[in-house]
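See structure below.
2 protein chains.
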Amino acid sequence: MKAGLQAYVDRINAGDADGVTALFAPDATIEDPVGSPIKHGPEIAAWFRDTVAFNTRIYPAAPIRGSHGAEAALAFDVEFTPPGARRMRIRSVDVCTFDEQGRITSLRGFWGPSDMEVIPDEA
Amino acid sequence: MKAGLQAYVDRINAGDADGVTALFAPDATIEDPVGSPIKHGPEIAAWFRDTVAFNTRIYPAAPIRGSHGAEAALAFDVEFTPPGARRMRIRSVDVCTFDEQGRITSLRGFWGPSDMEVIPDEA
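Encoded structure:
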């Protein structure tokens, strides 16, 4: 599970949208942020194309946590630049479940409005 | 949600077992670690009496994350001393849901065997 989450981080940081999408099972779900509509199938592929297009970088805040089941969790800060906008930072925790092949079957991203900020321009 | 999780940390670190238990709704569930049997009612009160008896201290690893629903997440290291054992450290992520009164309705603690270690004795 930890290796799966680490691959998720590495592939996003490498800009490998297809590689990230390939980590997910065909029927996987993404709820990011928690409390928003759930994404499926083609929405997930489009989500990661945007993620890469926004020059997204994930900075882990602590080592990945496993579990005594098929789940794992990662606390991180993520930075990205939406089209025409300033660079943003979100403080998040992602919780993932995995199938027997090690593919991600669900991802839930915990962050709220108070966890998002605009990154100040450098002087 | 974030205030509820912060109170959880503060009351455990203050050794206030009854105060921690009071943060939970009557029908709340605890799954800690994720993948282990779920605790209810009196088991939860007993769990926090043990937590306090083991001189447990929680050290947040990153700011508490909220969500766009009634959930929040905290990454932390926790140290405790079981009876007759050495002091231990677990790297965990707790994910909580809350009811309309702000009480915790579920807590899931993400950590696996590789996230637990014995703390070396000081020289």
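Protein chains in written order, with the working numbering: chain A, 1 to 123; chain B, 1001 to 1123.
The beta-carbon is built from N, C-alpha and C at its ideal position, and this holds for glycine as well.
- The C-alpha of A85/A is placed about 25 Å away from the C-alpha of A75/A.
- In the DSSP assignment, R11/A falls within the alpha helix (DSSP H) that extends over K2 to N13.
- At a cut-off of 9 Å between beta carbons, G1112/B contacts chain A.
- The shortest CA-to-CA distance from E1117/B to any of G1069/B, T1105/B and E1079/B is the one to E1079/B.
- Nearest Cα to I12/A within the set K2/A, R49/A and F110/A: R49/A.
- Taking a Cβ-Cβ cut-off of 9 Å, G4/A has no neighbours in chain B, whose nearest Cβ is about 13 Å from it.
- Put simply, the backbone Cα of R1089/B is about 7 Å away from that of D1077/B.
- In the structure shown, the three-state DSSP call for S1106/B is strand.
- Per DSSP, the continuous alpha helix (DSSP H) segment holding I1044/B begins and ends at G1041 to A1053.
- Secondary structure of A75/A (DSSP, three-state): strand.
- By the criterion of at least three beta-carbon pairs nearer than 8 Å, the region 1058 to 1077 of chain B is not in contact with the region 1028 to 1047 of chain B.
- When DSSP states are grouped into helix, strand and coil, D121/A belongs to the coil group.
- According to DSSP, residue pairing for T97/A in a beta bridge involves E71/A and S106/A.
- Residues of chain B with a Cβ closer than 8 Å to the Cβ of P82/A do not exist; the shortest Cβ-Cβ separation is about 17 Å.
- Membership of D1018/B in the alpha helix (DSSP H) is indicated by the continuous run A1017 to T1021.
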